[in-house]
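Structure, as C-alpha coordinates:
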Amino acid sequence: MKSKKYVEELKDKKADELQVDLVSAKKELFNLRFQNATNQLDNTARINEVRRNIARIQTIITQKQKGMIN
(Lines of atoms letter the chains of each structure in order from A; the text may use other names.)
(Lines give C-alpha, C1' and ligand atoms only; values in the text may rest on other atoms or scores of the structure.)
Protein backbone atom coordinates (compact mmCIF):
# COMPACT_ATOMS: atom_id res chain seq x y z
CA MET A 818 0.00 0.00 0.00
CA LYS A 819 1.35 3.42 -0.92
CA SER A 820 2.25 5.58 2.05
CA LYS A 821 0.20 8.63 1.02
CA LYS A 822 -2.88 6.50 0.54
CA TYR A 823 -2.23 4.79 3.89
CA VAL A 824 -1.88 8.14 5.68
CA GLU A 825 -5.14 9.39 4.16
CA GLU A 826 -6.88 6.25 5.43
CA LEU A 827 -5.43 6.85 8.88
CA LYS A 828 -6.65 10.44 8.92
CA ASP A 829 -10.21 9.25 8.24
CA LYS A 830 -10.20 6.89 11.24
CA LYS A 831 -11.28 7.79 14.75
CA ALA A 832 -8.90 7.87 17.73
CA ASP A 833 -10.02 4.52 19.14
CA GLU A 834 -9.60 2.84 15.74
CA LEU A 835 -6.09 4.28 15.52
CA GLN A 836 -5.26 2.84 18.94
CA VAL A 837 -6.43 -0.59 17.77
CA ASP A 838 -4.28 -0.27 14.64
CA LEU A 839 -1.31 0.78 16.76
CA VAL A 840 -1.60 -2.23 19.05
CA SER A 841 -1.99 -4.51 16.04
CA ALA A 842 1.09 -3.06 14.34
CA LYS A 843 3.16 -3.41 17.52
CA LYS A 844 2.13 -7.06 17.82
CA GLU A 845 3.07 -7.62 14.21
CA LEU A 846 6.46 -6.00 14.79
CA PHE A 847 7.07 -8.24 17.80
CA ASN A 848 6.22 -11.32 15.75
CA LEU A 849 8.47 -10.21 12.90
CA ARG A 850 11.37 -9.63 15.28
CA PHE A 851 10.80 -13.03 16.82
CA GLN A 852 10.79 -14.68 13.39
CA ASN A 853 13.94 -12.80 12.45
CA ALA A 854 15.72 -13.96 15.61
CA THR A 855 14.84 -17.57 14.86
CA ASN A 856 15.83 -17.24 11.16
CA GLN A 857 12.28 -17.86 9.95
CA LEU A 858 11.73 -14.43 8.37
CA ASP A 859 12.09 -14.25 4.59
CA ASN A 860 11.27 -10.59 3.97
CA THR A 861 13.33 -8.57 6.45
CA ALA A 862 12.26 -5.29 4.81
CA ARG A 863 8.83 -5.84 6.36
CA ILE A 864 10.28 -4.92 9.78
CA ASN A 865 11.19 -1.42 8.59
CA GLU A 866 7.84 -1.04 6.87
CA VAL A 867 5.93 -1.90 10.05
CA ARG A 868 8.15 0.42 12.11
CA ARG A 869 7.35 3.29 9.75
CA ASN A 870 3.64 2.48 9.87
CA ILE A 871 3.77 2.61 13.68
CA ALA A 872 5.39 6.04 13.45
CA ARG A 873 2.73 7.20 10.99
CA ILE A 874 -0.06 6.04 13.27
CA GLN A 875 1.50 7.75 16.29
CA THR A 876 1.92 10.96 14.30
CA ILE A 877 -1.75 10.99 13.27
CA ILE A 878 -2.82 10.30 16.87
CA THR A 879 -0.72 13.24 18.09
CA GLN A 880 -2.07 15.53 15.40
CA LYS A 881 -5.64 14.61 16.30
CA GLN A 882 -4.97 15.28 19.99
CA LYS A 883 -3.56 18.72 19.17
CA GLY A 884 -6.53 19.51 16.95
CA MET A 885 -4.53 19.75 13.75
CA ILE A 886 -6.75 17.09 12.14
CA ASN A 887 -10.45 16.58 12.76
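For reference, each letter of the sequence shown is one residue, going 818 to 887 in our numbering.
For every residue, glycine included, the Cβ atom is placed at its ideal position computed from N, Cα and C.
This structure is a prediction, so every number in the text was calculated from the model and none was measured.
{"Check": "Host alpha helix (DSSP H) of Thr879 (start-end)", "Outcome": "Ala862 to Lys883"}
{"Check": "Backbone CA spacing between Asn887 and Glu825 [nearest angstrom]", "Outcome": "12 Å"}
{"Check": "Rounded straight-line distance, which links the Cα of Leu849 to that of Lys821", "Outcome": "24 Å"}
{"Check": "Buried/exposed call for Val837, threshold 16 Cβ in 10 Å", "Outcome": "exposed"}
{"Check": "Beta carbon of Arg868 nearer than 8 Å to that of Leu827", "Outcome": "no"}
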